[in-house]
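Residue numbers (full-length UniProt numbering), protein chains in the order written: chain A, 1 to 208; chain B, 1 to 208; chain C, 1 to 208; chain D, 1 to 208. Note that CB positions come from ideal geometry on N, CA and C, so glycine has one too. Predicted, not measured: the structure shown is a model, and the values here were computed from it.
There are 4 protein chains.
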Amino acid sequence: MNTPPKRRTLAPEARRKAILDAALAVFSEKGFANARIEDIARRAGIGKGTVYLYFPDKESLFKSLISDALGPLLTAAHATLDEPDLDPRETLAIFFEMVKTEVLGTEKRDLVLLMAMEMRNFPEIAEFYHENIIRSGLALILGVLERAERRGALRSSKVLKAPQVIFAPALLSVIWDANFARFGDLDLDAAFGFYLDTLFKPAEGDTP
Amino acid sequence: MNTPPKRRTLAPEARRKAILDAALAVFSEKGFANARIEDIARRAGIGKGTVYLYFPDKESLFKSLISDALGPLLTAAHATLDEPDLDPRETLAIFFEMVKTEVLGTEKRDLVLLMAMEMRNFPEIAEFYHENIIRSGLALILGVLERAERRGALRSSKVLKAPQVIFAPALLSVIWDANFARFGDLDLDAAFGFYLDTLFKPAEGDTP
Amino acid sequence: MNTPPKRRTLAPEARRKAILDAALAVFSEKGFANARIEDIARRAGIGKGTVYLYFPDKESLFKSLISDALGPLLTAAHATLDEPDLDPRETLAIFFEMVKTEVLGTEKRDLVLLMAMEMRNFPEIAEFYHENIIRSGLALILGVLERAERRGALRSSKVLKAPQVIFAPALLSVIWDANFARFGDLDLDAAFGFYLDTLFKPAEGDTP
Amino acid sequence: MNTPPKRRTLAPEARRKAILDAALAVFSEKGFANARIEDIARRAGIGKGTVYLYFPDKESLFKSLISDALGPLLTAAHATLDEPDLDPRETLAIFFEMVKTEVLGTEKRDLVLLMAMEMRNFPEIAEFYHENIIRSGLALILGVLERAERRGALRSSKVLKAPQVIFAPALLSVIWDANFARFGDLDLDAAFGFYLDTLFKPAEGDTP
DNA sequence: AATGAATGAGGATTCATTCAT
DNA sequence: CATGAATGAATCCTCATTCAT
């Protein structure tokens with residue numbers, strides 16, 4: 001007399017992906033605490049209980065969401081930045097472009113915000129994130145900057161002591177879009193361009 | 001049918017302040033959703049119900065926390081930045097210093113984070129914040145930058161199209177400290193110094 | 001630094017009366033459970049704590065309200081109904097009139113409703129009410145009716161087995177007014193008149 | 001983070017009915033404000049949360065209780081009273097019998113009381129009840145009485161101006177049983193019989 | 001005597017999680 | 001495998017009651 005369960009038996013990996021996609025959407029919209037498993041399930045087109053066949057609990061689902069999206073990001077960054085022969089300005093330009101295309105222009109944008117929001121409540125995530133992304137990302141960036149410094153192309157060597165500022169515009173972008181998009185856009189190209197213009201001395205010497 | 005009280009009154013404004021302090025601490029630590037009123041009360045050294053004598057509900061408490069700290073901030077910023085005769089680099093240096101002293105070095109640091117995290121769930125706060133802080137703060141900064149541009153002191157005019165980047169290091173600092181402080185500090189002076197060094201051309205012409 | 005307590009020190013009996021009046025109003029409007037002591041205090045023009053100087057708790061206040069209004073009622077009824085020489089119809093007419101004037105036309109009307117509403121939660125009140133009002137009131141009425149019966153003036157002796165019906169119109173009036181007054185009045189005179197007309201045979205014989 | 005369920009499903013309509021039954025019992029015993037959802041749940045043999053699967057909140061549960069029992073009542077009354085050819089006395093006798101069997105003899109008796117008690121706090125219920133039950137019920141009764149009047153069978157035409165009195169004994173019965181049953185019964189048959197005897201003139205002429 | 005700030009028990013409601021179907 | 005009905009811990013908020021001033 002009850003509705004029979006759907007037997008759509010999607011490929012398990014596809015199903016897992018669908019859940020993670022739905023989770024990203026719902027977590028992004030509401031934050032971890034306010035996201036209801038049922039909402040995620042509904043959005044994934046499945047029943048509440050099914051989520052638990054793929055993830056043991058809400059927290060695991062959240063962490064999987066993070067981890068699953070993090071690996072690829074890192075790999076991509078490595079490939080881009082670990083190019084010792086390239087011009088540093090060029091390298092960073094490519095990196096910014098990659099960040100724009102691969103992160104800020106996709107749903108992963110929300111993931112960044114989500115992490116910034118919830119790392120506090122999930123110290124393991126902060127740890128994992130720092131170990132796997134921040135630390136090596138910073139090392140990569142630092143490599144590029146030091147290369148530039150050695151070539152005398154760096155305008156201010158202070159950035160070597162706070163290489164995190166390189167990520168600042170991207171972070172700003174994420175937060176701005178999440179909260180203030182409706183009041184006006186942030187010109188991301190201008191922001192990145194500004195960084196590239198001021199970070200490095202011009203290739204030649206074109207004094208004013 | 002019920003149980004008796006324990007402690008006795010305190011200056012009402014002091015009490016209100018104590019609650020707001022406790023709220024800042026607890027909200028910062030747990031986020032809005034995970035903060036329990038009882039925790040805030042206990043931290044303020046009072047009973048659960050007392051909180052409700054000062055704030056009608058959890059949301060109001062949260063909003064008061066924000067509003068109470070916002071006014072002073074804005075006033076201070078105005079006083080600092082609205083100085084048309086000062087050298088732009090100097091002005092910005094003072095501003096950065098002020099941000100460091102008045103915000104990043106105080107508990108208000110957590111407030112910034114808190115807002116960045118919860119504005120999503122409280123659109124009115126985003127609106128209020130944008131109208132009262134962001135918009136005018138941006139205008140002030142833009143004023144300074146344009147003054148520099150008119151004097152030919154700006155290295156890249158692109159920053160005029162994305163003046164928000166000026167705030168990026170401060171935002172980065174807040175998020176870094178909240179989440180990654182245990183893994184290593186962010187050198188804020190270096191970050192601000194880097195900005196000042198690269199943003200403006202040197203007063204005279206030194207080197208190349 | 002706090003507002004000093006009012007020292008209006010009203011005569012204690014007047015103060016007690018004022019509280020009971022306020023209590024009647026508030027209890028009537030909201031029912032026992034939804035009435036707040038603070039509302040009663042405010043309505044009586046005093047502070048919350050003062051109520052507790054006159055009544056040990058909410059329940060006592062409620063019970064006092066009932067008892068205080070009940071005694072006089074009973075005394076009055078006795079005086080009216082215990083008149084063996086009077087014509088039964090006349091007696092009942094006087095009684096109805098008294099009920100109309102002394103109860104239904106005053107705030108005590110609400111008291112009746114209140115009791116009907118809360119006796120359930122306060123069995124002692126039901127007991128007290130039955131012992132002191134119902135039982136003797138019923139006895140009085142029965143006396144009148146039996147006198148009429150002995151004179152052959154009663155149209156149907158069945159009323160002797162359910163003398164409570166004599167009170168039914170008054171009860172109906174109270175409930176009607178409380179709930180449906182805004183949709184239209186109940187014609188109380190018609191209701192009482194109908195009772196008098198049909199209960200007793202005409203003094204003489206005026207056949208149709 | 002939480003605890004597991006215990007029991008398993010039941011036909012949804014049966015479950016809903018069980019909750020409403022439990023609610024009637026508990027609301028009747030304690031009144032709306034003093035009834036605890038948990039009590040209702042326990043009485044229905046289910047967990048607290050389950051109640052909320054069937055009714056959005058306490059108030060809705062209460063209103064559903066009323067509405068669910070009201071429709072049938074009205075339909076029944078219509079069928080009984082809207083019989084223009086029947087003898088008025090006979091019609092009313094049938095109506096009284098129906099009230100006795102269908103309401104006063106069932107748990108709906110408590111519902112009547114409940115409404116009389118709580119309409120004050122739920123004006124919408126009073127409105128709904130008046131519109132759907134009282135108004136049309138009164139119209140039906142009035143029809144019967146006017147028919148009687150046209151036949152010259154009415155002892156006192158005053159009842160036409162206060163037809164609500166016809167319901168008075170039923171209301172009295174409900175309140176009496178709820179509060180004073182333990183002190184002695186109300187003879188309902190005598191009460192209704194008294195009404196029938198006095199309301200109408202005898203069919204023929206049998207001695208004064 | 002009078003006050004009202006302070007208290008915490010009590011109850012409505014939400015939602016992660018389980019498991020019978 | 002999939003489902004969603006059922007559960008109860010957890011948390012917000014109210015308000016009777018106390019007692020320092």
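- The Cβ atoms of Ala-93 of chain D and Leu-196 of chain D lie closer than 8 Å to each other.
- Across the segment 110-121 of chain B, CB contacts with chain A closer than 9 Å involve Leu-113, Met-115, Ala-116, Met-117, Glu-118, Met-119, Arg-120 and Asn-121, in sequence order along the chain.
- Counting C-beta pairs with one atom in each stretch, the segment 60-76 of chain D and the segment 90-105 of chain D have three or more that are closer than 8 Å, which means they touch.
- About 23 Å separates the beta carbons of Phe-192 of chain D and His-130 of chain C, which is beyond the 8 Å limit, so they are not a contact pair.
- Between Arg-147 of chain D and chain C, the shortest Cβ-Cβ separation is not below 8 Å.
- In this structure, Ala-23 of chain C places its C-beta atom within 8 Å of the C-beta atom of Leu-65 of chain C.
- Of all residues in the segment 135-168 of chain B, the ones placed with a Cβ closer than 9 Å to any Cβ belonging to chain A are Arg-135, Gly-152, Arg-155, Ser-156, Ser-157, Lys-158, Val-159, Leu-160, Lys-161, Ala-162, Gln-164, Val-165, Phe-167 and Ala-168, in chain order.
- With fewer than 16 other Cβ atoms inside 10 Å of its own Cβ, Pro-12 of chain B counts as exposed.
- Taking one beta carbon from each stretch, the segment 155-175 of chain C and the segment 128-146 of chain C have 3 or more pairs nearer than 8 Å; the two touch.
- Within the model, the alpha-carbon separation for Glu-107 of chain A versus Leu-86 of chain B is close to 44 Å.
- Annotation: Cβ neighbours of Thr-198 of chain B in chain A (cutoff 7 Å, chain order): Arg-155, Ser-156, Thr-198 and Leu-199.
- Residue burial annotation: Glu-38 of chain C is exposed, with fewer than 16 other C-beta atoms found within 10 angstroms of its C-beta.
- Per DSSP, the unbroken alpha helix (DSSP H) holding Phe-27 of chain A starts and ends at 12-30.
- Taking C-alpha positions only, Glu-97 of chain B is separated from Leu-171 of chain A by approximately 22 Å.
- The three-state secondary structure of Phe-200 of chain A, taken from DSSP, is strand.
- Contact of Ile-66 of chain A with chain B is not assigned, every C-beta pair being separated by 8 Å or more.
- Going by DSSP, Phe-96 of chain B is part of the alpha helix (DSSP H) stretching over 88-98.
- Counted as a single uninterrupted DSSP element, the alpha helix (DSSP H) harbouring Thr-75 of chain A occupies residues 58-81.
- Here DSSP, grouped into helix, strand and coil, assigns Leu-154 of chain B to strand.
- A distance below 6 Å between beta-carbons, with the five flanking residues on each side excluded, links Leu-138 of chain B to the following residues of its chain, in chain order: Pro-163.
- Remark: C-beta atoms of Ser-28 of chain A and Leu-114 of chain A approach each other more closely than 8 Å.
- For the set D:Thr-50, D:Ala-126, D:Ser-156 and D:Thr-80, the Cα lying nearest the Cα of Lys-201 of chain D is the one of D:Ser-156.
- For the segment 100-126 of chain B, the continuous alpha helix (DSSP H) assignments of 4+ residues that do not extend past its boundaries occur at 108-118, in sequence order.
- Residue-level contact check: Gly-193 of chain D touches chain C, since one or more beta carbons of chain C fall below 8 Å from its beta carbon.
- Burial state of Leu-53 of chain C is exposed, judged by a 10 Å Cβ sphere holding fewer than 16 other Cβ atoms.
- Around Asn-179 of chain A, the beta-carbon contacts reaching into chain B at under 7 Å are Met-119, Arg-120 and Ala-126.
- Among the residues facing chain C, Phe-96 of chain D is not included, as its CB has no counterpart in that chain under 8 Å away.
- Its Cα nearest to that of Arg-151 of chain B, the residue B:Pro-84 stands out among B:Glu-118, B:Pro-84 and B:Arg-182.
- For Phe-183 of chain B, the C-beta contacts it makes with chain A under 9 Å involve Ala-126, Glu-127, His-130, Glu-131, Ile-134 and Arg-135, in order along the chain.
- Closer than 8 Å to the CB of Leu-70 of chain D there is not a single CB belonging to chain C.
- Not flagged as an interface residue toward chain B: Ile-40 of chain A, since no C-beta distance is shorter than 8 Å.
- In terms of beta-carbon proximity, Gly-45 of chain C stays away from the interface with chain D, with every pair separated by 8 Å or more.
- Sorting B:Leu-186, B:Leu-188, B:Leu-140 and B:Ile-19 by C-alpha distance to the C-alpha of Asp-68 of chain B places B:Ile-19 at the top.
- Around the CB of Lys-58 of chain C, 16 or more other CB atoms lie within 10 Å, so the residue is classed as buried.
- Taken atom to atom, the span from the alpha-carbon of Glu-90 of chain D to that of Ile-175 of chain D is near 26 Å.
- By the beta-carbon neighbour count (other beta carbons within 10 angstroms, threshold 16), Gly-31 of chain D is buried.
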